[in-house]
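A short write-up of the structure that comes next.
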Amino acid sequence: NAAATGVGLLFGGIAFAGAGSHANKKAHELYEEVLKNEKEINNSIDLLNKLTLYSRKLRGAILTIHNQLYVPNVVKLCKLVEQEADWNLYTDEQKMLVQNNIMLVSILHRLNSTALYRVTETDEKGNVTNIETNFDEVSEVIEKAKHDTEELLKKKEN
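Next comes the structure, spelled out in structure tokens:
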């Protein structure tokens, strides 16, 4: 009976070792999956932080131009149009006011319509699976807006 028990323990040990090996392999696969998910999460957090930074830069440029230039110019334009609506009767200074308003609307439109990212991949259901940042274009648009508003202010001073 002791011999049968020994053989039983031997086969049980082998079976247990095989099950343990399988469980160990499964645990290793799960660990690799966790590491992969952790990397994807960290990449997503990094991307969201960058999107936040660039959206704040874009918002700051829009608010600055809107509050410091656009609103005061629109108020002046409204007063002008209330007094006289015929372009042909405007002085050069009044025409410049209209042109400046058009330029400011164009600058604000450009800033507002610049995407922070582009969708680069979708799955068969149309769900977004990958995006690409558009930070170079955002930076260029902000710099161009600064340049254009500086030019507008120079024209206004002359």
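Everything in the sequence shown is counted per the numbering used here, starting at 225 for the first residue and increasing by one. We put the beta carbon where it would ideally sit given N, CA and C, even for glycine.
Where do the ends of the beta strand (DSSP E) carrying residue i lie?
i: Asn-354; result: 352–357
i: Glu-345; result: 341–346
Are residue i and residue j closer than 9 Å when you measure CB to CB?
i: Asn-297; j: Leu-328; result: yes
i: Leu-376; j: Leu-275; result: no
i: Leu-271; j: Thr-357; result: yes
i: Asn-354; j: Glu-361; result: no
i: Leu-259; j: Thr-373; result: no
i: Phe-359; j: Tyr-255; result: no
i: Trp-311; j: Lys-319; result: yes
Does the beta-carbon of residue i have 16 or more other beta-carbons within 10 angstroms, so that it is buried, or is it exposed?
i: Ala-309; result: exposed
i: Ile-331; result: buried
i: Ile-269; result: exposed
i: Ala-369; result: buried
If residue i and residue j are in contact, beta carbons under 8 Å, what's the gap, nearest whole angstrom?
i: Leu-321; j: Lys-300; result: 6 Å
message: In chain order, what are the residue ranges of uninterrupted alpha helix (DSSP H) at least 4 long that sit wholly in the stretch 249–327?
response: Positions of the alpha helix (DSSP H) runs, each at least 4 residues long and wholly inside the stretch 249–327, are given as 295–307 in order along the chain.
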